[in-house]
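Below: one structure, written as structure tokens.
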Amino acid sequence: VYLRLIDAPPRDAGLRFDLSADTFRLLHAFEEIWREMVGKRETIRQIHVGVRFFDLVPVASIAAPDLFGWQPAASENPGRLRLSAALDRLNQRYGSGTVAIGTVPRGLPGYMGAKIAFNRVPGRGDLRG
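Read in order, the letters of the sequence shown correspond to residues -10 to 118 in the numbering used here.
Okay, structure coming up:
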């Protein structure tokens, strides 16, 4: 991860981890790096944030277990792997960015209430928390 700030020198940090196809594991790795780079500062003024991945391998090349029976998916959460694969299939079928993973910023409630409907009248299900 590379971070270029407005009033400070650029920063970079990295993390090495086992092979994974779990999007959530990658996001967790990014959060670790971000905390290391930024610390507990409430705000930072950045110009540029860059993320690079190295030593990527096709999933098909790691599907078979190694000589001792180990395979990367054995140590991962099967539900999260299925969800990551489903998100990848949707984005491949309908275009990049069709489905994106986001987080709720700290301090906001889990349910934000009904949203403004521009093309339909909200139903009862939209109003429940």
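We put the CB at the ideal spot given by N, CA and C, even for glycine.
Proximity winner among Leu16, Leu(-6) and Tyr83, relative to Thr32 (alpha-carbon distances): Numbered from 1 along the sequence shown, position 43 holds the residue referred to as residue 32. The residue with the shortest Cα to Cα distance from Thr32 is Leu(-6).
In the DSSP output, what is Gly84 paired with across the bridge? On the sequence shown, position 95 is the one that residue 84 refers to. Answer is none; Gly84 lacks a bridge partner.
Suppose contacts are defined by Cβ-Cβ distances below 8 Å. Is Leu4 in contact with Ile22 by that definition? Along the sequence shown, one-based indexing puts residue 4 at 15. Along the sequence shown, one-based indexing puts residue 22 at 33. Going by C-beta atoms, Leu4 is nearer than 8 Å to Ile22.
Between which residues of its own chain and Asp11 is the CB-CB distance below 6 Å, once the five residues before and five after are set aside? In the sequence shown, counting from the first residue as 1, residue 11 sits at position 22. Only Glu65, Arg69, Leu70 and Ser73 meet the Cβ criterion.
Buried or exposed, going by whether 16 or more other CB atoms sit within 10 Å of the CB of Leu16? Residue mapping note: residue 16 aligns to position 27 of the sequence shown, counting from 1. When all chains shown are included, Leu16 counts as exposed.
Thinking just about the alpha-carbon of each residue, which of Ala49, Ser9, Pro(-1) and Met26 is nearest to the one in Phe43? As a first step, residue 43 must be located in the sequence shown, where it is residue number 54. That would be Ser9, whose Cα lies nearest to the Cα of Phe43.
So the candidates are Arg14, Arg0 and Val48; which of them puts its Cα closest to the Cα of Gly39? Taking the sequence shown and counting its residues from 1, the one referred to as residue 39 is at position 50. If we check each option's Cα against that of Gly39, Arg0 comes out closest.
Assuming Phe19 and Val48 make a contact with CB atoms under 8 Å, what is their CB distance in whole Å? Position 30 of the sequence shown, counted from the first residue, corresponds to residue 19. Position 59 of the sequence shown, counted from the first residue, corresponds to residue 48. Not confirmed; about 20 Å, so no contact.
Neighbourhood of Arg34 by C-beta distance below 7 Å, restricted to the same chain and skipping five residues each side: By one-based count along the sequence shown, residue 34 stands at place 45. Cβ neighbours of Arg34 beyond the five flanking positions: Leu(-6), Ile(-5) and Asp(-4).
Within 10 angstroms of its Cβ, does Leu(-8) collect 16 or more other Cβ (buried), or is it exposed? Residue numbering aside, residue -8 sits at position 3 when the sequence shown is read from its first letter. With 16 or more other Cβ atoms within 10 Å, it is buried.
Residues in its own chain within less than 7 Å of Val27 by CB, not counting five upstream and five downstream? For the purposes of this step, residue 27 is taken as residue 38 along the sequence shown, with counting starting at 1. The residues are Ile33.
Cα-Cα, which of Ser85, Arg78, Tyr83 and Phe13 is closest to Pro67? What you label residue 67 is simply residue 78 of the sequence shown in a count that begins at 1. Comparing Cα positions, the closest option is Phe13.
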